[in-house]
Amino acid sequence: MYTVKCLNPISKQGLDLFTSEFEVIDDLNAADAVLVRSAKMHGLEIPKSLLAVARAGAGVNNIPLDEYAEKGITVFNTPGANANGVKELVVAGLLLASRDIIGGYNWVKENAKMEDLPKAIESQKKAYAGNELKGKSIGVIGLGAIGVLVANICNRLGMKVYGYDPYVSVRSAWSLSRMVNHSSSLDEIFTKCDYITLHVPCTDSTKGMIGKEAIFKMKDGVNILNFARGELVDDQAILAGLATQKVKHYVTDFPNNEVAGAESVITIPHLGASTEESEDNCAEMAVEQLMNYLENGNIVNSVNYPNCNLGDLEAEARITVHHKNLPNMIGQLTAILAGEDYNIVNMLNKSKGDWAYSMLDVEKKPSKEIIQKMKEIDGVVRVRVL
Ligand SMILES: NC(=O)C1=CN([C@@H]2O[C@H](COP(=O)(O)OP(=O)(O)OC[C@H]3O[C@@H](n4cnc5c(N)ncnc54)[C@H](O)[C@@H]3O)[C@@H](O)[C@H]2O)C=CC1
Ligand SMILES: O=C(O)CCC(=O)C(=O)O
């Protein structure tokens with residue numbers, strides 16, 4: 001029996017996938033695994049026994065990935081599972097920036113009881129006129145699961161689309177419309193685009209990427225959309241840009257006290273992935289990945305360990321080892337088994353950056369001594385027997 005603690009509400013459709021071998025519990029200290037959405041795990045006291053964290057979503061900046069790698073805790077996310085939900089809200093954001101829907105809505109609401117409202121509307125509506133998206137240019141920064149969908153739909157809306165992603169995956173490149181212009185520098189996006197939309201993860205290198213200098217290079221009247229993370233944008237630079245009308249609108253799914261309420265900031269309370277469909281997709285994917293990992297040791301869609309998949313456990317036992325990506329780790333692991341006359345029937349080793357993962361299927365259950373010897377290898381951080 002494995003125990004799972006949810007740090008945020010997780011869709012029932014996903015939780016219902018857990019078999020009778022899994023129990024969702026309230027006590028984090030008794031949990032083998034954690035399911036999480038946006039709850040901050042930095043600084044959270046976690047039990048030594050914790051094996052895995054599954055983020056039902058894309059962004060993992062709420063999880064201390066390196067610290068957990070050091071502890072042999074595998075962290076998963078659910079790539080692409082909420083991308084359509086975000087894409088659709090980005091389209092709404094584009095429309096809110098281009099047409100004064102909010103101003104018009106507020107006026108009608110404030111004057112709901114006005115005499116002959118339909119007539120008043122016809123004389124008032126000019127105050128809320130806008131522009132069409134067709135023919136305007138948009139820069140999509142980050143062409144992953146969301147960025148590709150946004151770029152493609154903007155193309156279908158008749159916009160001239162520029163895409164920037166120096167690390168674009170082959171999968172994304174295949175999915176991208178051939179009408180999307182490839183930008184090799186951010187400057188091209190900044191100087192050419194009427195709309196700029198951010199779809200990159202929040203990391204040390206992307207934080208503050210939209211600052212004073214970037215905004216200075218942008219076209220007058222640019223609209224900036226942030227459905228990725230608040231920290232990507234320097235709030236003071238945005239407020240200064242809005243004050244001079246260099247920036248026409250800042251549409252953000254991540255409002256904070258600095259920008260909320262400021263003129264021409266269009267705020268949404270982090271609703272990008274808050275659709276029934278996205279919540280179900282993310283939860284289902286996260287639960288399936290967790291079960292596969294806890295029961296079979298397979299790693300699919302990890303963000304701090306390599307993906308490593310030996311299929312369902314069919315051998316008498318499977319040993320899984322989280323270790324540093326150092327020379328001769330496999331040699332040491334197999335030597336321990338060979339020294340005790342254990343036959344390895346299948347094995348796999350994968351690495352990702354500083355970390356690696358080995359899976360060894362053996363013909364009989366390994367003894368406590370074997371596992372102890374493996375744990376004592378320099379660079380090994382966790383050994384499990386399944
Ligand atoms: N508003 C919301 O509710 C949601 C927000 N997000 C945010 O959106 C981000 C992107 O999500 P996905 O597209 O699903 O992730 P993804 O991992 O599929 O795509 C991210 C893309 O950004 C690219 N990238 C990384 N650094 C870059 C840089 N410096 N310049 C340009 N491109 C760079 C990567 O190569 C990758 O193609 C997430 O990390 C998360 O922070 C994601 C889902 C929901
Ligand atoms: O779970 C959520 O609603 C947050 C979605 C999100 O920001 C993400 O997947 O990165």
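For the sequence shown, full-length UniProt numbering puts the final residue at 386, and the numbers step up evenly by one.
Glycine is no exception: its CB is placed at the ideal position from the N, C-alpha and C atoms.
| Asked | Found |
| --- | --- |
| Ser169 beta carbon near ligand 3 (any heavy atom closer than 7 Å) | What this structure holds is ligand 1 and ligand 2, not ligand 3. |
| Cα-Cα separation, Lys196 to Lys160 | Residue identity differs from the one stated: residue 196 is Ile in this sequence, not Lys. Near 12 Å, if we compare the C-alpha coordinates of Lys160 and Ile196. |
| 4-residue-minimum alpha helix (DSSP H) runs that sit fully inside the segment 256-329, ordered along the chain | 276-296 |
| When Ile25, Ile153, Pro201 are compared against Met179, the one with the closest alpha-carbon | Ile153 |
| Beta-carbon proximity of Phe18 to Met291, cut-off 8 Å | yes |
| His322: CB within 7 Å of a non-hydrogen atom of ligand 2 | no |
| Span separating the alpha-carbon of Asn155 from that of Ala173 | 15 Å |
| Span separating the alpha-carbon of Leu35 from that of Ala56 | 7 Å |
| Beta-carbon proximity of Val168 to Ile215, cut-off 8 Å | no |
| CB contact check: Arg156 to chain E, cutoff 8 Å | Checking the listed chains, one finds no chain E in this structure; it contains a single protein chain. |
| Per DSSP, the bridge partner or partners of Ser358 | Val321, Asn349 |
| According to DSSP, residues forming a beta bridge with Arg382 | His322 |
| Local conformation of Asn155 per DSSP, three classes | helix |
| For Gln245, the nearest candidate out of Ala273, Ala356, Tyr105, Ser264 (CA to CA) | Ser264 |
| Inter-residue Cα distance where the pair is Phe190 and Ile224 | 10 Å |
| C-alpha gap between Tyr68 and Asn29, whole angstroms | 16 Å |
| Alpha-carbon to alpha-carbon, Asn226 and Leu50 | 34 Å |
| Beta-bridge partners of Leu95, as assigned by DSSP | Partner(s): none; Leu95 has no beta bridge. |
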